[in-house]
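In my numbering, the protein residues as written are 10 to 236.
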């Protein structure tokens, strides 16, 4: 926990990184989900992902809602819990939601993204070897099934030089609304670009077969909104 890292922050969307990637998105005709360390004002910082459409337009941002404070992840020192709920962005490749790293352990946000119309949810992560490696291939496919959309699970590899010993285990993948991996899971040690074709019509097919959204009972779930 060191305040020098607060200097890594920048505003979104007016900072240089967002502007740079807006230009790249337009040049490459690519939708981008861009995780960054956001500053609103000194002392108010968020773990944030900007969403940029394929024409370079900034569409908005998601701020990480769930902030851990456990060995190796002393994040409450650096981040404020997110605001503005669970937005879904209408992009050139479909309706995109974002759920950041530790968020993935909380099913409520996955469901909120589905209720808000998400067709694919990206979960950018920096997760190291240890307790979470096993559930990495279990938790997000289960969330894709429960909410009947695609999930893009992204994790980095390697060790950050001069910034600790966390060994990040990679294994990025896409999973479909039936919980099946789309192609192979990524490597645990090598940097890779994962490219997959996604059949977006499959979302409608699965939802017509399993009407989970119809059969849910929000009137019976009041306990989950209480401490």
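No residue lacks a Cβ here, since even glycine has one placed at the ideal position from N, Cα and C.
Coil, strand or helix - residue i by DSSP
i	result
residue 219	coil
residue 72	strand
residue 137	strand
Cβ-Cβ distance between residue i and residue j below 8 Å
i	j	result
residue 158	residue 127	yes
residue 242	residue 203	Since the first and last residues shown for the chain are 10 and 236, residue 242 lies out of range.
residue 68	residue 98	yes
residue 108	residue 142	no
residue 95	residue 59	no
residue 45	residue 61	no
residue 47	residue 26	no
Residue of the options minimising C-alpha distance to residue i
i	options	result
residue 41	222, 156, 70 and 137	70
residue 91	29, 82 and 75	75
residue 180	103, 18, 83 and 164	164
residue 133	156, 172 and 112	112
residue 138	57, 35, 166 and 184	166
residue 79	36, 136 and 217	136
residue 105	234, 222 and 209	209
residue 198	168, 102, 115 and 119	168
residue 28	10, 14, 49 and 64	64
residue 83	129, 14 and 43	14
residue 77	33, 217 and 56	56
Rounded distance between the beta-carbons of residue j and residue i, thought under 8 Å
i	j	result
residue 153	residue 188	5 Å
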